[in-house]
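Novice: Dropping the structure in here first, questions after.
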Amino acid sequence: MKSYILRRILRALFTAFGVSLVAFMILHLAPGDPVKIMLGPYATEENVQALRARYNLDKPLHIQYLTWIKNIFKGELGTSIRYNRPVGELIKERLGPTLILTGSGLLVAVILGVLFGTLAALKKNSILDYLTTFQTMFWLSIPSFWLAIVLLYIFGLKLRWVPIAGMTSFSSTILPVLTIGLREQAWFARPMRAEMLEVLSQNYIKALKAKGVKYEKIVWKHAFKNALIPIITMIALQLPWIIGGAVVIEVVFSWGGMGSLLVGSVLSRDYQVVQTILLFISIAVVAANLLADILYSFIDPRIRTER
Amino acid sequence: MISEDISYEQLKEEIRKLKRKRSSQANLVWKRFTKNKLALIGFIMVSIIIFMAIFAPLIAPYDPYKTSPLERFKPPSKEHLLGTDALGRDVFSRLIYGSRIALEIGILIVLFEGIIGISLGLVSGYFGGIVDKLIMWLVDVLRSFPIVVLALAIAGVLGQGILNVVIALGTVGWTSYARMVRSKVLTIKELEYIEAAKSIGESNLAIIFRHVLPNVLSTAIVMVCLMMPTALIASATLSFLGLGVQPPTADWGSIIAEGRRYLLKAPWISTSAGFFIMFTVLGFNFIGDGLRDALDPTSRRN
């Protein structure tokens, strides 16, 4: 048990190291001088030199990387060229709205997905089951930004039920959260259906039936609970997709979170911000996966005895 | 053992049965695939898009790039099936030409990431050891990023344009191929004919290309269909955010972005462009679903 968790933590640390390398290298992918690209074609030589010195861009790559990491641990995330403000400050402002959006979106997605998946499994091969298969494929075939635009048009512009942009009130969170929830539930509905069917075919369920336990009780008390366990891992695995979808949705709804900050920074070549956000998001995903695996090993002892 | 009292005819029948069993593996997969109605519908849907892309100049009623200031924001009508945009261009014609760009980018991405993923998967699975560990570490690392987010950053650094979108999404998206191919190679590696090839002194390279790759290829082809939806949606997302294909090129993602600015005045621009994306991606998803079921009968319903 202990060795499994230790091994898993070690692997996560290795991944986190790789992730930081990728985020760091982004700046150096640029054809030509990144400083000149950042400052634009009209920058003076002095400014270029000053910026280069500030970001240690005149030092060898590994020194640059180490200083970057050291500064991050010290809480110094650099300065945004676009806003001329510390990156840490910008991210702190934007973190809350993003967490609210992604968190509630994920919650809605999991609830809907589990619900649809369970119903489909219970009514296997019924119209409802086929509809679930179809609807999951349907939602996954729609680009999330287009879904956002269509919902915005119908409920914001035509019916005027909700505000069309910003995050002023509770009602302005409904559409963005709904966009994420509706689309991403498709990731959970099908695995949930498969899990539920798998559990329902197990021998202990048959034994319960033979014992004369009520069907409802078997389904909800025994099968449902066990089928739910793998969904923990599914959530961690789907997290990058949900964050990725949320980035674009933030742009459509002018949601002042990290996603719209990221897109704006990419477009204005504000690389310090881009690097930091990339690092933030990926470390969050690595941590979520680690957490899910550890949690899973506590719930399902078979995992930690493997290998 | 064949008993004495079996007749010649019966023996012939037995042999025929055995032969049928051997050749039926591919047949079975094909049969299961065509029996799946959804997969067939998907096949038709994708064929329509491909047809549209090839014969775009014949189908499109107008020149997709010709602006006519007097015809701005015309709602859908008989002359303009899906209306006109801010520059008076025919939206329907632009969307038809858009299928060319979409398929072109989609195919390029899938090929690019396929080549990277299949080669790394082959190497990783065949050689094992430290090389395997390193490649799988890279897979873990890349999978910790949302595809769109990392591709967005890479495309942002590389600059706009179709090729940069392909490079950005390709370098990020190959991990599924690598994993799939690797696990396939791990089972093939243990088979007798690989051992036989080794014992007669064939080089690793020869074994990989002559014996392993052909057996992995069918899996890889299925992967291509499964990866197409992601490639299409991700590239449309980049265009929508202003990092992919640039206007005035008739691209579905950037048409949605253009239409978004005039959503109240001309909702038909964004909405109809989205339908084209949905139609195409749904077609590929239906095919992918059918292929998955056909190749892995255990996942079938019933």
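Residue numbers (my numbering), protein chains in the order written: chain P, 1 to 307; chain U, 308 to 609.
Note that the Cβ used here is the ideal one computed from N, Cα and C, for glycine as well.
Please list the residues of the region 130-150 of chain P that have a C-beta atom closer than 7 Å to any C-beta atom in chain U, keeping them in chain order.
Specialist: Within the region 130-150 of chain P, the qualifying residues are M137, F138, L140, S141, I142, P143, F145, W146, I149, V150.
Novice: Kindly list the residues whose CB is nearer than 8 Å to the CB of P574/U, restricted to its own chain and excluding five residues on each side of it in sequence; keep chain order.
Specialist: Excluding sequence neighbours, P574/U sits near G566.
Novice: Could you run through the region 537-548 of chain U and flag, in chain order, every residue whose CB is less than 9 Å away from some CB of chain P?
Specialist: Listed by position, the residues of the region 537-548 of chain U near chain P (Cβ gap below 9 Å) are L539, I540, A541, A543, T544, F547, L548.
Novice: Just the chain U side, please: which residues come within less than 8 Å of P163/P by C-beta, in chain order?
Specialist: Going along chain U, no residue has its Cβ under 8 Å from P163/P, so there is no contact; the nearest lies around 14 Å.
Novice: Is there a Cβ of chain U sitting closer than 8 Å to that of I308/P, yes or no?
Specialist: This structure cannot settle anything about residue 308/P, because the visible part of chain P is limited to 1 through 307.
Novice: Do you know how far the Cα of K505/U is from the Cα of N110/P?
Specialist: Before going on, a small fix: residue 110/P reads as Val here, not Asn. Near 50 Å, if we compare the C-alpha coordinates of K505/U and V110/P.
Novice: Within its chain, find whatever has a CB closer than 7 Å to the CB of G615/U; leave out the 5 residues flanking it on each side and keep chain order.
Specialist: Since the displayed chain U opens at 308 and closes at 609, residue 615/U lies outside it and no answer follows.
Novice: Enumerate in chain order the residues of its own chain whose CB-to-CB distance from I63/P is below 8 Å, with the five nearest sequence positions on each side excluded.
Specialist: Excluding residues within five positions, the ones whose Cβ falls inside 8 Å are N56.
Novice: Okay, do the region 279-291 of chain P and the region 223-237 of chain P touch, 3+ Cβ pairs below 8 Å being the bar?
Specialist: Cβ pair count under 8 Å is three or more, so yes.
Novice: Can you tell me which of T168/P, N226/P, G103/P, Q202/P puts its alpha carbon nearest to the alpha carbon of L178/P?
Specialist: Taking only the C-alpha atoms, the option nearest L178/P is G103/P.
Novice: Would the beta-carbon of A101/P fall within 8 Å of that of A246/P?
Specialist: First, the amino acid is wrong: residue 101/P is Leu here, not Ala. In this structure, A246/P lies closer than 8 Å to L101/P by Cβ.
Novice: Given T118/P, which residues of its chain have a CB within under 7 Å of its CB, disregarding the five upstream and five downstream residues?
Specialist: Cβ neighbours of T118/P beyond the five flanking positions: M192, M196, F224.
Novice: For R82/P, tell me which candidate among L90/P, V150/P, L106/P has the shortest Cα-Cα distance.
Specialist: Considering only alpha carbons, the answer is L90/P.
Novice: Does the contact criterion of 3 or more C-beta pairs under 8 Å hold for the region 342-356 of chain U versus the region 588-597 of chain U?
Specialist: Enough Cβ pairs lie closer than 8 Å, so yes.
Novice: Which two residues bound the contiguous alpha helix (DSSP H) that contains F591/U?
Specialist: Residues 574-602.
Novice: Are the Cβ atoms of G560/U and T544/U separated by less than 8 Å?
Specialist: Their beta carbons are under 8 Å apart, which means G560/U touches T544/U by this criterion.
Novice: With three or more beta-carbon pairs closer than 8 Å as the criterion, would you say the region 546-562 of chain U touches the region 503-519 of chain U?
Specialist: No contact exists between the region 546-562 of chain U and the region 503-519 of chain U.
Novice: Report the residues of the region 280-299 of chain P with a CB closer than 7 Å to any CB of chain U, ordered along the chain.
Specialist: Within the region 280-299 of chain P, the residues whose Cβ lies closer than 7 Å to some Cβ of chain U are I281, S282, V285, V286, listed in chain order.
Novice: Excluding the five sequence neighbours on either side, which residues of its own chain have a C-beta within less than 8 Å of the C-beta of K36/P, listed in chain order?
Specialist: For K36/P, where only same-chain residues beyond five positions count, the Cβ hits under 8 Å are A43, V48.
Novice: So with CB distances below 9 Å, who are the chain U contacts of F14/P?
Specialist: In chain order: W444, D447, V448.
Novice: Measure from the alpha carbon of Q372/U to the alpha carbon of each residue in M487/U, I356/U, A393/U, P536/U, then state which is nearest.
Specialist: In the sequence on display, residue 372/U carries Tyr and not Gln. Out of M487/U, I356/U, A393/U, P536/U, A393/U has the C-alpha closest to the C-alpha of Y372/U.
Novice: Per DSSP, R85/P is paired with what?
Specialist: Bridge partners of R85/P: S80/P.
Novice: Between G256/P and G88/P, what straight-line distance do the alpha-carbon atoms span, to the nearest angstrom?
Specialist: Each residue's Cα considered, the two are about 15 Å apart.
Novice: Could one say the Cβ of R486/U lies closer than 8 Å to chain P's Cβ atoms, at least one of them?
Specialist: With 8 Å as the cut-off, R486/U does not count as an interface residue toward chain P.
Novice: Cβ of S451/U within 8 Å of Cβ of T15/P?
Specialist: It is a contact, given that the beta carbons lie within the stated cut-off.
Novice: Check whether the Cβ atoms of F155/P and L175/P lie closer than 8 Å to each other.
Specialist: Taking 8 Å as the Cβ cut-off, F155/P and L175/P qualify as a contacting pair.
Novice: Does any C-beta atom of chain P lie closer than 8 Å to the C-beta of P574/U?
Specialist: So, interface residue.
Novice: Under the three-state reduction of DSSP, which class applies to D293/P: helix, strand or coil?
Specialist: Correct three-state label for D293/P: helix.
Novice: What separation, rounded to the nearest whole angstrom, lies between the Cα atoms of I229/P and D600/U?
Specialist: If I take the Cα positions, the gap works out to 25 Å.
Novice: Would you mind stating whether I242/P and I149/P have Cβ atoms separated by less than 8 Å?
Specialist: Cβ atoms of I242/P and I149/P: not closer than 8 Å.
Novice: May I have a chain-ordered list of the alpha helix (DSSP H) segments no shorter than 4 residues that lie completely inside the region 397-451 of chain U?
Specialist: Qualifying alpha helix (DSSP H) stretches, in chain order: 398-434, 436-450.
Novice: Give a yes or no on whether the C-beta atoms belonging to R7/P and L290/P are separated by under 8 Å.
Specialist: No, the Cβ-Cβ distance between R7/P and L290/P is not below 8 Å.
Novice: Give every residue of the same chain whose Cβ lies closer than 7 Å to the Cβ of G581/U, excluding the five residues on either side of it in the sequence, and list them in chain order.
Specialist: I563.
Novice: Are there 16 or more other CB atoms within 10 angstroms of the CB of F358/U, so buried, or fewer, so exposed?
Specialist: It counts as exposed.
Novice: Leaving out the 5 sequence neighbours to the left and right, which residues in its chain are closer than 8 Å to M38/P when beta-carbon positions are compared?
Specialist: The answer, listed in chain order, is L51, I81, R269, D270, Y271.
Novice: Indicate whether at least one CB of chain P lies closer than 8 Å to the CB of D596/U.
Specialist: True, the Cβ-Cβ gap to chain P drops below 8 Å.
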